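**Student:** Just so you know, we're using our numbering here: the sequence shown kicks off at 156 and counts up by one.
By construction, the Cβ of each residue, glycine as well, lies at the ideal position given by its N, Cα and C atoms.
None of these values were measured; they are calculated from a predicted model.
Encoded as structure tokens, here's the structure I'll be asking about.
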Amino acid sequence: MKRYLLTVCLIALAVTPGASAARAQSGGVAAGAESSAVRDIESEKSAKHELEVARHYFKNKKAYLAAFLRVDELIAGYPEFSRLDEALYIAGMSSLYLSEGKGKQQAPKPPAERADEFTPEALRDKARDYLTRLVNDFPKSDFRKDAQDALDQLGGEKAKDEKKN
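Written out as structure tokens, the structure is:
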């Protein structure tokens, strides 16, 4: 009886590592469209959180620098975000307000090698970029009218040949 039990235990021990390796190769991990769908849902969820925080900074705190930095990262990191129009609006208006010295935060003093990054002219240029993109890419957006009004204040939409690559 002891010999039989010992044999069964040894066989079970020998088979166990092979079974887990086979499971890993058999598709135990999500692949294909399912994994990209999960990734898209998680990306959308993360982007929505970033937008909510940026919106809070923009509307409630009047912390335009913090709002701008949040949505600038959001726009770069989540180009397929479903509410990209609102992110572009917050980025554009935050840039405009920072260039005018509005809000509770001032534009930062960058290091010498990046001294021109947060000048009023550079901030207005960024505002025109974001607002032009909003007006052109999202013609049915709820933010389009306000963006167009701000663009008119800035001298109109930025021409395609003016845009930087």
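#1: Where does Ala242 fall in DSSP's three states?
#2: Take the Cβ of Thr274 as the centre, count every other Cβ of all protein chains shown within 10 Å, and call the residue buried at 16 or more, exposed below.
#3: Do Gln260 and Ala218 have their C-beta atoms within less than 9 Å of each other?
#4: For Gly247, collect the residues of the same chain with a Cβ closer than 6 Å to its Cβ; drop the 5 residues on either side in sequence, then sort them by chain order.
#5: Does the beta carbon of Ala282 fall short of 8 Å from some heavy atom of the ligand MN?
#6: To the nearest whole angstrom, what separates the beta carbons of Arg225 and Ala209, a pair I think is in contact under 8 Å?
**Tutor:** Per the coordinate set shown:
#1: Three-state DSSP puts Ala242 in a helix.
#2: With fewer than 16 Cβ atoms within 10 Å of its Cβ, Thr274 is classed as exposed.
#3: For Gln260 and Ala218, yes; Cβs fall inside 9 Å.
#4: Contacts found: Ala282, Tyr285, Leu286.
#5: For the ligand MN, the structure offers nothing, since it holds no ligand at all.
#6: Their Cβ separation, rounded to whole angstroms, is 4 Å, which keeps Arg225 and Ala209 in contact under 8 Å.
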